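Have a look at the structure below before the remarks.
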Amino acid sequence: MKVIAVVGAGGVGKTTVSAAIAVDLARRGLRTLVITVDPAKRLGTALGLEGVGSEPVETSEPDLWAAMLDAEESWHEVARRYADPTVARRLEENPFFEAIAGRFPASQAFAAADTMAEHVGSGRWEAVVVDTPPSAGGVEFFTAASDITELVGGRLIKILTGSRVPGARRMFVVVGAPVLRLADNILGGPVLTEVADFLFDLRTTYDGLAERAEEIGAILRASTTVVVTTPEPAPISEALQFGEALPEVAAAPSVVLLNRALPAAWADELDVPGDDALARTLRGWAAESARQIRLQRRLETELDAPVRPVPRLAEAPVGLDALAQLLPQRAVDRIVGPS
Ligand SMILES: Nc1ncnc2c1ncn2[C@@H]1O[C@H](COP(=O)(O)OP(=O)(O)OP(=O)(O)O)[C@@H](O)[C@H]1O
Ligand SMILES: [Mg+2]
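Dropping the structure here:
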């Protein structure tokens, strides 16, 4: 069972690279699922992801399936999965649930990790490729499960809801409610009671979440991490930030892909003679190509992983064949092993 997590800043090509890796794995005969986040329309179409929904669909490529991650919906699934049915209903109807689903920074990352764990545990796949939501350089994908577990099992919540679940509800009602009702009277609404109810309900999901956080951790420790970046300053600094945070949560990435890279051979034209527009243009591109080569070395040192350039294509790769050709062999070998 292979699990490949693709991380990187917004817009660098994570979804495209995830699809390309998945096509490659499927063509090696592995029953492969790619979990994508908001694929560009034409890529979604190429993968057969027309509608919404997180159920895997079969693509036109044999052995390749694709699923879309719907963070909002997954959050509801989390409630249904980790709370008992009455509590889940109450949670979902609570206005704070919507607010948290929309605003908790790690919720998308948790939804992605949770969906990954669900599919990895299903036994249906020989390879799962996870495209991750853009956030904090990608490290959130690795930390979200324990962050959420900590939030739900956090001290503040323990104080508000009593120390044990679910038997403590009665105690909480007795001890907590009069105080809260008083506060509600002053504030003129059932706000605090609702918050307290919400926190209590949320807390009953703790055991399930803690268990899932363990599972996710184990999957991630055994998975292959692919960092994608482009040569621009913002994604590079996110990749470096990710590299700094990673040792705490996971192994070093297997490979860093420098996407939309210029051909290295262009750097040879640095000294092309002449003062005409063409010569100046060539020298300009040569300088940029040389900068990207130096950048690769720097990334290699700082992220402690091999860097492989992925060429900038004139046209966005969308068809399955174009995707299969996107990644150079040297990059593929690092990710899925030599064929
Ligand atoms: N090597 C490449 N050459 C040309 N176009 C590319 C290349 N890689 C990606 N693209 C195009 O760049 C755009 C962004 O790629 P993609 O959607 O995969 O990025 P992303 O990291 O998933 O973005 P987001 O963070 O928004 O999810 C797409 O239109 C894609 O087709
Ligand atoms: Mg994407």
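Residue numbering for the sequence shown follows numbering that gives the first Met the number 0, beginning at 0 and increasing consecutively.
Just so it is clear, CB atoms sit at the ideal spot from N, CA and C, and this is done for glycine as well.
Remember, it's a predicted structure, so these values are computed and weren't measured experimentally.
Segment limits, beta strand (DSSP E) that includes residue i
i	result
L257	V254 to A260
V151	Per DSSP, V151 belongs to no beta strand (DSSP E); it is in the alpha helix (DSSP H), V138 to V151.
D130	A126 to D130
L32	T31 to T35
Beta-carbon spacing of residue i, residue j below 7 Å
i	j	result
G12	N258	yes
V335	T131	no
A304	P246	no
I292	A266	yes
A108	A78	no
L24	A110	no
L325	A39	no
S236	L261	no
L298	V255	yes
T35	M67	yes
V16	V119	no
A105	D146	yes
G152	Y205	yes
G318	A65	no
R30	W124	yes
V56	G47	yes
L239	E139	no
S53	D69	yes
V128	L322	no
R311	D200	no
I215	A82	no
L198	T148	no
F95	A249	no
E268	A286	no
V271	R279	no
S224	A4	The sequence shown places Thr at residue 224, not Ser. Going by C-beta atoms, T224 is nearer than 7 Å to A4.
P234	L294	no
T14	V86	no
Backbone secondary structure at residue i - three-state DSSP
i	result
W64	strand
L198	helix
G7	strand
T114	helix
P232	helix
E247	helix
T223	strand
Q324	helix
E314	coil
L48	coil
R333	helix
E54	coil
V271	coil
R80	helix
Start-to-end residues for the alpha helix (DSSP H) that takes in residue i
i	result
R220	Y205 to R220
T85	P84 to E92
R297	A276 to L302
L42	K40 to A45
V16	K13 to R26
Near ligand 4: residue i beta-carbon under 6 Å from a heavy atom
i	result
T14	As for ligand 4, it is missing from this structure, which binds only ligand 1 and ligand 2.
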